[in-house]
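Let me begin by presenting the structure, written as structure tokens, before commenting on it.
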Amino acid sequence: MPWQMKAASLVGSPVGVSMQNGTGTSGILCGIENGELLLMEYLYHTQFALKHYPVFTIADVNPFPTCVPARYEYSYYEGI
């Protein structure tokens, strides 16, 4: 399936973006408009930036997997 079809259902979700040149980035997918993919990326501290990537530079867009909390074999409080 072309990445554009996947991306349409991922708007508002965290995604990983693979570029044609082999690099990648991640952020919240804000949409695809005027031939650009719009991605909200974290910069530092409390700053974020809405970045615009031309669609011809993108190889694929994938959703983040769900988080599964680590399970420990014993509880810290066992034996107290």
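The C-terminal residue of the sequence shown carries number 103 in my numbering, and the numbering is unbroken.
Ideal Cβ placement from N, Cα and C applies to all residues, glycine included.
Contact under 7 angstroms by Cβ, residue i with residue j
i, j, result
"G54", "N85", "no"
"A72", "E59", "no"
Nearest-angstrom Cα separation, counted from residue j out to residue i
i, j, result
"M28", "L62", "16 angstroms"
"A82", "V34", "17 angstroms"
"P25", "V78", "12 angstroms"
"S104", "T80", "Shown here, the chain extends from 24 to 103; a query on residue 104 therefore has no answer."
Own chain residues within Cβ distance below 8 angstroms of residue i, not counting five before or after
i, result
"S36", "I51, L52, P86 and F87"
CB contact check: residue i to chain B, cutoff 7 angstroms
i, result
"P25", "As a matter of chain content, chain B is missing from the structure shown, which is built from one protein chain."
Buried/exposed call for residue i, threshold 16 Cβ in 10 Å
i, result
"A93", "exposed"
"A30", "buried"
Range covered by the alpha helix (DSSP H) that runs through residue i
i, result
"Q27", "W26 to S32"
Spatial neighbours of residue i in its chain, beta-carbon cut-off 6 angstroms, leaving aside the 5 residues before and after
i, result
"L66", "A72"
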